[in-house]
Structures are given as C-alpha cells and as structure tokens.
Amino acid sequence: MMWPTGRPGTLPDAQNSPQKCKYDLYAEQMTGTSFTAPRAENQNAWLYRIRPSVAHQGFTKLPENPDLESNFSPLNPKVHVSPTQLAWHPFDIPSQALTVDFVSGLKTLAGNGDPTTREGLAIHIYAANASMGNKAFCNNDGDMLIMPNQGRLDVQTEFGKLMVRPGELVVIQRGMRFKVGLPDGPSRGYIQEIFGSHYQLPELGPLGANGLANSRDFESPVASFDIDQSPWEIIYKVCGQLFVCKQEHTPFDVVAWHGNYVPYKYAMEKFVNVGSISKDHIDPSIFCVLTAKSKTPGTSLADLLIFSPRWDIASHTFRPPYYHRNAATEFMGLLYGEYGGRSDGFEPGGASYETGFCPHGVSYEVFKMASEAELSAMRVHEHTIAFMFESSMMFTLTDYAMKRSGKLHG
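For what it's worth, the UniProt record's numbering labels the leading residue of the sequence shown as 1, then goes sequentially.
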C-alpha cells in the first residue's frame, strides 16, 4: 500500500471518505478489481481531488481510427492469420506536415481476443510528433505497458508525473487518465495492452527472494496537482471505439492519494539476469520482467521478457538460442542497440513475429560459427535492450501490420 501526498496533512486520518475532506477536496475511489477479489489480489486507490471526475459535459463518439483494432477474431475481415515468421522494418514517425499526438498515433499490429470478453491482448506501436496539450486519454479496455524506443515520454497521470526514457517501461492501468508530452520531439515506441488481467512480478521459485525484476526498483508518482479551469478534452477508449467528453477543468487535480492501483515505471537496465553457470540453457522464462495471468491456472496471458547485457559462460554448449518450436506466440522488438539471431532488418523501432509452433532459430552461418567457436566467458547484448511479448494465445495480425504500414519484409 502506498501513501504519496502532494500536500502534507491532506489524507484523512483512519478513514477514506470523511464527511468533509480537508481543503474542501472530493474523495473518489478507483477500483482495479472486483470488490470481493482476494485481499492479495485486490487493487484500489483513493484520490482526493479539487473537482470530481463526474463533472463533465457528456460523451460524443469520435470518428474511427482505421489503424486501431480491438477485435482479433479470425471472423473479422480486418485481421489476418499467418503461419510463418514475419518481420517489419522500423515504423515511420509522422511527417512534420502532420500533427500527430500519442492517441492519434496509435496503430495496432496484432492481438488476441476482445476487450468485451475481458480476456486477450493487443500489441500496438505509437508514433507521434506532438504533445497532447489540454487533452487526456483514458483506456477503459485494458492495462497499457508502454516502452519508448525513440524520445522520452513526459507522462502526466492523475496520480502524478513520470518521465519515461528509452530503456524504461511504464504501465498505465485500466481506467486511469493520462496525457503524454514529447520533451525530445518526435517519439516512437511499443505498447502491449492486456484485457481482463493485470501485470505482476513472476514467481521466483528456487531463486528465492531476489533476482530478475526486484520490486524495490519500480517507481510510482508522487501526487502533483494543477489548478486549471480551462477547457479540456478526455478521450476514452471503450470496446475499441473512441469517445470524447469535454470539461472546464483539468483532470490532473489530485492533491493526495493512497492505494495500490497506481501507474508505475521500471528501468530495465536494473534487471538482474540469471543463467546457467555450467552447461546448457535455462528456459527463457528467466528473462521475464512482468507477467499477466490468463484464466487457465499456471498459464500466463502475456509475459514481457527482455534481453539485456549479461555474461554467457556455459561450457560444451551451443550458446545462441537453440532451434525451437514453442507453444507460445512470440513478438519481438528492439528498444536500442543491436540484437543478433533475428532478420537482417531487425533494427530499433522494428519488430518480428512467430506464431506458436512456427520453427525458428539462427541462420546456418551463425550455427556453423557457434558450433566451432572456442568457448570462453563472454559478454552478450552490450548496450542493447531487446524485448519479447510472449503469449499462450494465438494472434491475428491487422491490416496495418500486413499492408498499410509498408514495413513488412521477408
């Protein structure tokens, strides 16, 4: 449970909803789970704000974004099934002739399920060249894990502010309003959105209490409020459709909050790698930063794995990734640096994809070199962070990914 406050003495003592809040603030609860979820899984937050969220002027439907998709059923004519490996060159950043903010720059690549069923996920990229100004975004469909590859994101949430650079991730959970500024100019990055689940740290099993992503390294914002009674627009995503409501005050007016349903960020350079210190490979689950449960016990809906600088010392071992056919679907991207073993076009801002049981592995040249190399302790992935979105679900791919992006290659 966290208790960040922007003004000392604002949080009520020993209760959540007093008859009269200090400074005439409004108490507002946000829940991320059902009221009766087990205590270990229950998520909520109490916010103490200048104006209540209900003070707005109603909703209007916005025109459809043709590149934003939420229905991944094969019956949807706008998505496609592919049994083979796919790869994309880096996705374009908008021309300066266009004004594209974070929301209008969302483009869906792949996914599974549908937010109306509360299970599934979507993989998007964003590419933007403008800050959001007096505009905020609220995703009612799922949690968004956002990783910039180019340019920092100045993320202002109802809970406070988070500056997110390439190499960091930020999670904005379902129902939280936020806006994105671009302090470095044009920005591009990757997003995984999950429906009906929340991210959590993976179990460590025999590793014990320490290793991989340690909880102490995750950061949440301190309350930071604006006093602003100018016109604002809040864009909501509901069942994949966009709506807007207008109001005459900022949504970022929370003076204090407490709870455990909060946005957070993590610097992936802090990840504690583990691996074999004798021979062979340990399964790639050792690279898991965050996981989200599916409705099947013991099976994740989505995992975030990263490949970052580490030592490779296994003896009598073929050290590159072995040839494999996994039950999981794999979607990879590169935040910065160089990552061998993928296609020649695997560059920061690009992507690759393999469906479940699709055979894949390194080229023959890499196989031959690794089979004959004299083995010694060596550093791998220096100055690099690559990532994998791994899922037990089968994906379909969008029209944008397969056609309109113009970045698909063999």
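Backbone N, C-alpha and C define an ideal beta-carbon position, used for all residues, glycine too.
Residue i, DSSP secondary structure in three states
i	result
R152	coil
E233	strand
L207	helix
S215	helix
K61	strand
R165	coil
residue 415	Residue 415 lies beyond the stretch modelled for the chain, which goes from 1 to 410, so this question has no answer here.
K403	helix
A373	coil
V180	strand
T355	coil
D101	coil
I286	helix
V254	strand
V366	helix
T116	helix
E158	coil
C-beta atoms of residue i and residue j nearer than 8 Å
i	j	result
M393	G142	no
I194	F331	no
G349	F102	no
C138	Y236	yes
S70	D114	yes
A267	E168	yes
G133	D184	no
P221	T157	yes
F395	A209	no
L11	H198	no
G181	N140	no
L301	V289	no
F159	N112	no
T384	Y323	no
Cβ of residue i within 8 Å of any chain B Cβ
i	result
S73	Among the chains in the structure shown there is no chain B, since it carries only a single protein chain.
Same chain, Cβ closer than 8 Å to residue i, neighbours up to 5 away in sequence not counted
i	result
G211	L204, V272, V274
R379	P309, R310, W311, D312
K270	A213, N214, D217
Candidates the options: closest to residue i by CA position
i	options	result
Y400	K246, N65, P18	N65
S315	S376, K295, I286, A370	S376
V79	A267, T398, P166	T398
A136	T60, R177, T116	R177
L62	G240, G189, L162, L290	G240
S223	G340, K161, P359, E269	Rather than Ser, the amino acid found at residue 223 in this sequence is Ala. Of the listed residues, the one whose Cα sits closest to A223 is K161.
H281	F318, E338, P166	F318
A45	K20, N16, D67	N16
S352	E374, K407, E372	K407
G196	M402, S34, A27	S34
T355	P77, T84, F72	T84
S285	K20, I277, F307, G32	F307
A130	V155, L98, D226	L98
F225	W232, R39, P251, L201	P251
D253	D13, A27, V170, S82	A27
F287	M388, P231, T117, P77	M388
S405	Y126, D154, D283, T117	Y126
E233	P202, K279, K179, S278	K179
Own chain residues within Cβ distance below 7 Å of residue i, not counting five before or after
i	result
K295	E119
L334	F346, E347, P348, G350, A386
E219	Y264, K265
Q229	E248, H249
G58	C245
L207	V274
M30	N44, A45, L47, G175, Y261
Status (buried if at least 16 other CB within 10 Å, exposed otherwise) for residue i
i	result
V164	buried
A55	exposed
S95	exposed
T299	exposed
D303	buried
R188	buried
R49	buried
P74	exposed
T291	buried
E374	exposed
S391	buried
M147	buried
Y364	exposed
V81	exposed
Cβ neighbours of residue i in the same chain (closer than 6 Å, five flanking residues each side left out)
i	result
residue 465	Absent from the structure is residue 465, since the part of the chain shown begins at 1 and ends at 410.
P359	R325
R7	V255
K22	T10
T60	V244
W88	G350, A351, K407, L408
A128	V100, D101, F102, G105, S187
D67	K107, Y400
A327	G356
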